[in-house]
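The structure appears below as structure tokens.
Numbering (mature numbering (1 follows the signal peptide of the UniProt record, and there is no 0)), first residue to last: -17 to -1, 1 to 322.
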């Protein structure tokens, strides 16, 4: 092993406690530079080559992400163990279900665990109707009976619940105003979630899992704080076949705010499709998002479950549940007054 390789190996073999304080030199190394030095075939790519398995299209997580994700998970576990819902977190409630505004950096299970503490009827049987990633904030539905839970699971499965998210991304200015991305989604055994070609849907991956379909529509809200004024624009449809080359201009990185409408509900779907489009979500180091930007570091990705629209599982009345915008959205001056 060369001296440079040994130094790089030592750089990434660092363990963190919840109280670890990073110093500036650690952040100063760009993720892209580290990828270039550490570009080795992943297990998924090697298996795909040897045994003709589907080959992932999106890049694997950068080496730096492993330690950062571990640190974030430890901090979220500590925060979740102390978390309790309050009435201020509730944005909708009736006798059958409640919707809460899940905070960033808290696991869904902690929210569900504390739900009985703010509901008077202790005979309720609480269930999660939808799940959000650890660092994703926004609308989370909790049902109060098995019957309602089963109906909502069916509604989500049949794509009858309409979802919208807001994401703050750092990347190239999109050439599109509205785009629908259709691709495959999957991961090999012990691997990371990756984007696959749409034609690979149904094919088996190493370990026995299967590539599934995923589809997301995106709309540009603003670029560098300038509102997108385009109205009634035609939707560009991209069926993923290989590495994307045309979705973004090759200018300097911009702050791009998008609204996302996922049709399917795959794990990390919006984050993966943002990575594929060349506008990874800020702070989402796992999917190549900027960890440091304009002199600041970001603890977790900036993705917010803005709204759920559905027919009530008991009354069939249409309901729209909207969560307040988080501080990162209003504080940057890029989303506030644009929605």
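Even for Gly, the Cβ is constructed at its ideal location relative to N, Cα and C.
Check: Is residue 148 helix, strand or coil by DSSP?
Finding: Numbered from its first residue, the chain shown carries residue 148 at position 165. It is a strand residue.
Check: Counting Cβ pairs, one atom from each stretch, are 3 or more of them under 8 Å apart for the region 41 to 57 and the region 180 to 190?
Finding: no
Checklist line | Three-state secondary structure assigned by DSSP to residue 57 | finding: Along the chain shown, one-based indexing puts residue 57 at 74. Helix.
Margin query: Per the DSSP calculation, residue 84 is bridged to which residue(s)?
Written below: Within the chain shown, residue 84 is the residue found at index 101, counting from 1. Residue 84 is bridged to 122.
Margin query: Given a cut-off of 9 Å on the beta-carbon distance, is the pair residue 147 and residue 244 in contact?
Written below: Residue mapping note: residue 147 aligns to position 164 of the chain shown, counting from 1. Residue mapping note: residue 244 aligns to position 261 of the chain shown, counting from 1. In this structure, residue 244 lies closer than 9 Å to residue 147 by Cβ.
Next item on the list: Apply the 10 Å Cβ neighbour rule to residue 119 and answer buried if 16 or more other Cβ atoms are within range, or exposed otherwise.
Entry: For the purposes of this step, residue 119 is taken as the residue at position 136 of the chain shown. Residue 119 is buried by the Cβ-count criterion.
Checklist line | Spatial neighbours of residue 69 in its chain, beta-carbon cut-off 6 Å, leaving aside the 5 residues before and after | finding: Numbered from 1 along the chain shown, position 86 holds the residue referred to as residue 69. Taken in chain order, the list of residues that qualify is empty.
Checklist line | Where the alpha helix (DSSP H) through residue 138 begins and ends | finding: For the purposes of this step, residue 138 is taken as residue 155 along the chain shown, with counting starting at 1. Where residue 138 is concerned, the enclosing alpha helix (DSSP H) stretches over 129 to 140.
Item checked: Close beta carbons around residue 84, own chain, < 6 Å, minus the five adjacent residues each side -> The residue given as residue 84 occupies position 101 in the chain shown. For residue 84, where only same-chain residues beyond five positions count, the Cβ hits under 6 Å are 72, 74 and 306.
Checklist line | Nearest-angstrom Cα separation, counted from residue 218 out to residue 268 | finding: Within the chain shown, residue 268 is the residue found at index 285, counting from 1. Within the chain shown, residue 218 is the residue found at index 235, counting from 1. One C-alpha to the other measures close to 29 Å.
Next item on the list: Pick helix, strand or coil for residue 220, following the three-state DSSP scheme.
Entry: As a first step, residue 220 must be located in the chain shown, where it is residue number 237. If DSSP states are grouped into helix, strand and coil, residue 220 belongs with the strands.
Check: With which residues is residue 303 paired in a DSSP beta bridge?
Finding: Within the chain shown, the letter at position 320 stands for residue 303. For residue 303, which the question treats as bridged, DSSP gives the partners 292.
Checklist line | Alpha-carbon spacing of residue 97 relative to residue 285, whole angstroms | finding: Counting from one through the chain shown, the residue named residue 97 turns up at place 114. Counting from one through the chain shown, the residue named residue 285 turns up at place 302. Their Cα atoms are separated by approximately 24 Å.
Notebook entry, point to check: Where do the N-terminal and C-terminal ends of the beta strand (DSSP E) with residue 256 fall, by residue?
Noted result: In the chain shown, the residue the question calls residue 256 occupies position 273. From DSSP, residue 256 is part of no beta strand (DSSP E) but of the alpha helix (DSSP H) over 252 to 260.
Item checked: Exposure label - residue 117; buried when at least 16 CB within 10 Å -> Locating residue 117 in the chain shown gives position 134, where the first residue counts as 1. Per the 10 Å Cβ criterion, buried.
Check: Assuming residue 200 contacts residue 161 under a Cβ cut-off of 8 Å, what Cβ separation, rounded to an integer in Å, is found between them?
Finding: Taking the first residue of the chain shown as position 1, residue 200 is located at position 217. Taking the first residue of the chain shown as position 1, residue 161 is located at position 178. With 8 Å as the limit, residue 200 and residue 161 qualify as a contact, their Cβ atoms being about 7 Å apart.
Next item on the list: Could you confirm whether any beta carbon from chain C is found closer than 9 Å to the beta carbon of residue 177?
Entry: The structure shown has no chain C; it contains just one protein chain.
Next item on the list: Return helix, strand or coil for residue 6, following the three-state DSSP convention.
Entry: Walking along the chain shown from the start, residue 6 turns up at place 23. With a pLDDT of 32 at residue 6, under the threshold of 50, the modelled position of this residue cannot be trusted; read the value that follows with caution. Reduced to three states, the DSSP call for residue 6 is coil.
Check: If you draw a straight line from the alpha carbon of residue 17 to that of residue 271, how long is it in whole angstroms?
Finding: The residue you call residue 17 lines up with position 34 of the chain shown. The residue you call residue 271 lines up with position 288 of the chain shown. For residue 17, the predicted model reports a pLDDT of 44, less than 50, meaning its position is unreliable; a value from the coordinates is still stated below. When rounded, the distance between both Cα atoms is 11 Å.
Checklist line | Identity of the residue in 164, 127 and 240 nearest residue 226 by Cα | finding: As a first step, residue 226 is located in the chain shown; it is residue number 243 there, counting from the start. Nearest C-alpha to residue 226: 164.
Item checked: Beta-carbon proximity list for residue 274, same chain, < 8 Å, skipping 5 on both sides -> Working through the chain shown from its first residue, we reach residue 274 at position 291. Excluding positions up to five away in sequence, the list reads 10, 14, 47, 51, 266, 268, 280 and 281.
Item checked: Cβ pair residue 170, residue 192 closer than 9 Å -> Locating residue 170 in the chain shown gives position 187, where the first residue counts as 1. Locating residue 192 in the chain shown gives position 209, where the first residue counts as 1. In contact: residue 170 and residue 192 (Cβ atoms closer than 9 Å).
Check: Can you tell me whether DSSP reads residue 42 as helix, strand or coil?
Finding: Residue 42 sits at position 59 when you count from the first residue of the chain shown. If DSSP states are grouped into helix, strand and coil, residue 42 belongs with coil.
Margin query: Taking its Cβ as the centre, do 16 or more other Cβ atoms sit within 10 Å of residue 287, making it buried, or is it exposed?
Written below: In the chain shown, counting from the first residue as 1, residue 287 sits at position 304. Classification for residue 287: buried.
Check: Would DSSP call residue 209 helix, strand or coil?
Finding: Within the chain shown, the letter at position 226 stands for residue 209. Residue state, collapsed to three classes: strand.
Check: Are the CB atoms of residue 297 and residue 136 nearer to each other than 9 Å?
Finding: In the chain shown, residue 297 corresponds to position 314, counting from 1. In the chain shown, residue 136 corresponds to position 153, counting from 1. No, Cβ-Cβ distance for residue 297 and residue 136 is not below 9 Å.
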